[in-house]
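A.B. asks:
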DNA sequence: AGAATAGTGTCTTTGAGACAATATTTC
DNA sequence: GAAATATTGTCTCAAAGACACTATTCT
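Protein chains in written order, with UniProt numbering: chain A, 1 to 301; chain B, 1 to 301.
So this is what it looks like as structure tokens:
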């Protein structure tokens, strides 16, 4: 049967139905995208012979409008009727960083009723990974200023409570965001409840010092995802320039994972993900290192 | 400084700003939740001595209204202004299956502009895993009927195209959904593009025979997530009854992964996730098996 | 006895952690 | 030569694939 001839209970065809459909009768939430834009940058060198330390950075903007006026928030904005979520995320990324050719991935959608005091807002968070070189940050529309913050992520407590067959797993994470002028601290509690056959994850902000909305929770979620994914995918290379040494790559893994790695094991692990070039670093104050590039033939699984 | 005294460029405090805020001036999309409700059920026994085969099932509803009238869709519905996304998902789950104490997880949010011919609709998909026993399915409001479909997921083609340093990874998946009365077939192409420093995943429906909206893409995404997560988490136990044999557990792994497993290796892998009881199956036509339950002390990582 | 599933033992391969050892450059 | 990083080698341990073997019940 021709689909166009199908009639519903009111006797309408699909075309007739769509012509008579009034979308305005339902109340609708606002939808925004919020961007977690990460990069890894070099800090100043301690000593001319040592390697420069790297650190994981996240871009935040200072709010110039209510609500949370003067606090720091993730860059983001409303999704318009004529763009997809991905397009809105790309637009926001471009607005804030002036780059658009980067790795981008949707993370999670935040839908609590009172997340935003203005009105009902549902926010879809995206993570972008940017090569630290050649970054030019400009402030967006409704932001006084955009700044990179060093990210420190520390698990303060992990606790499991058993009640018969039910159990609750709680993890308390402290996130410290800092740069030359500001230090923001957030403590987020992640609660996984298994009660009977029900399972649910909840997040709770214990402290959100200077961080707007529920953005501290989004940051906690994003860092966790980044840490998980760097272990089994190639996303780390999106934080790297075209050519890099294995020590630089290791440093990027170390700052995102927040722990030191043994170089022998690290080199074995990433051996298939890189191709060597015949170029070397020079003037380093010590033995030069071979430069590598990403091996596009690598694939996980 | 007291936050309440902060004034914006118009000289308003936060309270004054919120009182004057008019949310209606921006056009807003509709937001829905779509539920991927999976279960594993026994099929009829071939032979009285053999074990009953299990199969992975997904719940679909036949649409009784336009658009896609008469086609099969994921259960779902609009998110109201007074409920969170999780609450809306839980409400839809309860409406369709009459259960609510189950595992539930947000998957992905689908935001293409023309996903729905009625109006701009953004859909947040959730996965729920239900123990097959004690399921009572009832139809929802705008659905003629709800039915369980067997899920078959088959990768037809995997292809990588290299163009210098850029490359495209394409995967073509065929999903067949079937029960006694209907067989639906979908072919979804997943495209991962790495062009320059840009990375993006796209999905494309090649065939979506009898499946409404972009729900075939959602199903492809969900099965992939389920398959990944069953390998390194305990979610499989949400598909099991309280007591089960290791063979039954293995069957659940096999039908969700779509491949056979070696029982020696399987038993080693899940050894720490289960606790034995002193009960056994009986009247099975062969050697009885010890019954196990989930070990709540197990934790991954 | 035969059918069918339940459950164990062991050999091999693979990958990661630990740590020692060697190599190369600049100052 | 000293400082500093680069790079390789090897021992050990843990997990998973492969496959053979033993055990138990019902008809």
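Even glycine gets a Cβ: it sits at the ideal position worked out from N, Cα and C.
Could you tell me which chain A residues have their CB closer than 8 Å to the CB of residue 26 of chain B, listed as they occur along the chain?
C.D. replies: For residue 26 of chain B, the chain A residues whose C-beta falls within less than 8 Å of its own C-beta are 30 and 78, listed in chain order.
A.B. asks: For residue 75 of chain A, go through chain B and note every residue whose CB falls closer than 8 Å to its CB, in chain order.
C.D. replies: The contacting residues do not exist; residue 75 of chain A stays about 18 Å from chain B at best.
A.B. asks: For residue 11 of chain A, count the other beta carbons within 10 Å of its own beta carbon; 16 or more makes it buried, fewer makes it exposed. Which is it?
C.D. replies: exposed
A.B. asks: When Cβ atoms are compared, which residues of the region 235 to 259 of chain A fall closer than 8 Å to chain B?
C.D. replies: 238
A.B. asks: On the three-pair Cβ rule with 8 Å, is the region 166 to 181 of chain B touching the region 149 to 156 of chain B?
C.D. replies: yes
A.B. asks: Using a C-beta cutoff of 8 Å, does residue 140 of chain B count as contacting chain A?
C.D. replies: Residue confidence for residue 140 of chain B is low, a pLDDT of 43 falling below 50, so the modelled location carries little weight; the figure read from the coordinates is stated next. No, because no Cβ of chain A sits closer than 8 Å to the Cβ of residue 140 of chain B.
A.B. asks: On the CB-based measure, 16 or more other CB atoms within 10 Å of its CB, does residue 194 of chain B come out buried or exposed?
C.D. replies: buried
A.B. asks: Could you check the C-alpha separation between residue 96 of chain B and residue 82 of chain B for me, to the nearest Å?
C.D. replies: 20 Å
A.B. asks: Whole angstroms is fine: what's the gap from residue 197 of chain A's alpha carbon to residue 244 of chain A's?
C.D. replies: The straight-line gap from Cα to Cα measures roughly 49 Å.
A.B. asks: If we call anything under 8 Å between Cβ atoms a contact, is residue 169 of chain A one with residue 160 of chain A?
C.D. replies: yes
A.B. asks: Taking Cβ positions only, does residue 113 of chain A come closer than 8 Å to chain B?
C.D. replies: So, interface residue.
A.B. asks: So what does DSSP say about residue 275 of chain B, is it helix, strand or coil?
C.D. replies: strand
A.B. asks: Expressed to the nearest angstrom, what Euclidean distance is found between the alpha-carbon atoms of residue 288 of chain A and residue 132 of chain A?
C.D. replies: Roughly 22 Å separates the two Cα atoms.
A.B. asks: Taking 8 Å as the threshold (beta carbon to beta carbon), is residue 82 of chain B in contact with chain A?
C.D. replies: yes
A.B. asks: Does chain B have any CB closer than 8 Å to the CB of residue 165 of chain A?
C.D. replies: Flagged as an interface residue toward chain B: residue 165 of chain A, by a C-beta distance shorter than 8 Å.
A.B. asks: Per DSSP, which residues does residue 218 of chain A bridge with? Please list them.
C.D. replies: None, per the DSSP bridge assignment.
A.B. asks: For residue 33 of chain B, collect the residues of the same chain with a Cβ closer than 8 Å to its Cβ; drop the 5 residues on either side in sequence, then sort them by chain order.
C.D. replies: 76, 77, 79, 85, 88, 89, 92, 123, 124, 125 and 126
A.B. asks: Quick one: is residue 196 of chain A near chain B, going by C-beta distance under 8 Å?
C.D. replies: yes
A.B. asks: Is it right to say residue 9 of chain B is buried, meaning 16 or more other beta carbons lie within 10 angstroms of its own, or is it exposed?
C.D. replies: exposed
A.B. asks: Output, in chain order, the set of chain A residues within a Cβ distance shorter than 7 Å of residue 180 of chain B.
C.D. replies: Within chain A, no residue comes near residue 180 of chain B; the closest Cβ sits about 21 Å away, beyond 7 Å.
A.B. asks: Jot down the residue ranges of each uninterrupted beta strand (DSSP E) in the region 69 to 115 of chain A, minimum 3 residues, whole runs only, in chain order.
C.D. replies: Runs found: 76 to 78 and 103 to 110.
A.B. asks: Where does residue 133 of chain A fall in DSSP's three states?
C.D. replies: coil
A.B. asks: Quick check on residue 210 of chain A: buried or exposed, where buried means 16 or more other Cβ atoms within 10 Å of its Cβ?
C.D. replies: buried
A.B. asks: Is the Cβ of residue 102 of chain A closer than 8 Å to any Cβ of chain B?
C.D. replies: Yes, residue 102 of chain A lies at the interface with chain B (some Cβ there is under 8 Å from its Cβ).
A.B. asks: Check whether the region 227 to 241 of chain B and the region 199 to 218 of chain B touch, using three or more Cβ-Cβ pairs below 8 Å as the test.
C.D. replies: no
A.B. asks: How would you write the range of the beta strand (DSSP E) that residue 198 of chain B sits in, first residue to last?
C.D. replies: For residue 198 of chain B, the uninterrupted beta strand (DSSP E) run begins and ends at 198 to 209, by DSSP.
A.B. asks: Residue 36 of chain B and residue 256 of chain B: beta carbons closer than 8 Å?
C.D. replies: no
A.B. asks: Who are the neighbours of residue 109 of chain A on chain B, taking C-beta pairs under 8 Å?
C.D. replies: 85, 106, 109 and 124
A.B. asks: With DSSP as the reference, label residue 246 of chain A as helix, strand or coil.
C.D. replies: helix
A.B. asks: Taking CB distances under 8 Å as the criterion, tell me whether residue 187 of chain A reaches chain B.
C.D. replies: no
A.B. asks: Distance, Cα to Cα, residue 114 of chain B vs residue 120 of chain B?
C.D. replies: 7 Å
A.B. asks: Using alpha carbons as the reference points, say which of B:40, B:199 and B:16 lies closest to residue 226 of chain B.
C.D. replies: B:40
A.B. asks: Report all residues from its chain with a CB closer than 8 Å to the CB of residue 258 of chain B; omit the five preceding and five following residues, and keep chain order.
C.D. replies: 152, 153, 154 and 227
A.B. asks: With DSSP run on the structure shown, which of helix, strand or coil describes residue 125 of chain B?
C.D. replies: Looking at residue 125 of chain B - three-state DSSP - the assignment turns out to be strand.
A.B. asks: What does residue 53 of chain A reach in chain B if we use C-beta pairs closer than 8 Å?
C.D. replies: What residue 53 of chain A touches in chain B: nothing, since even the nearest Cβ is about 24 Å away.
A.B. asks: In chain B, which residues lie less than 8 Å from residue 200 of chain A when you measure between Cβ atoms?
C.D. replies: 86 and 104
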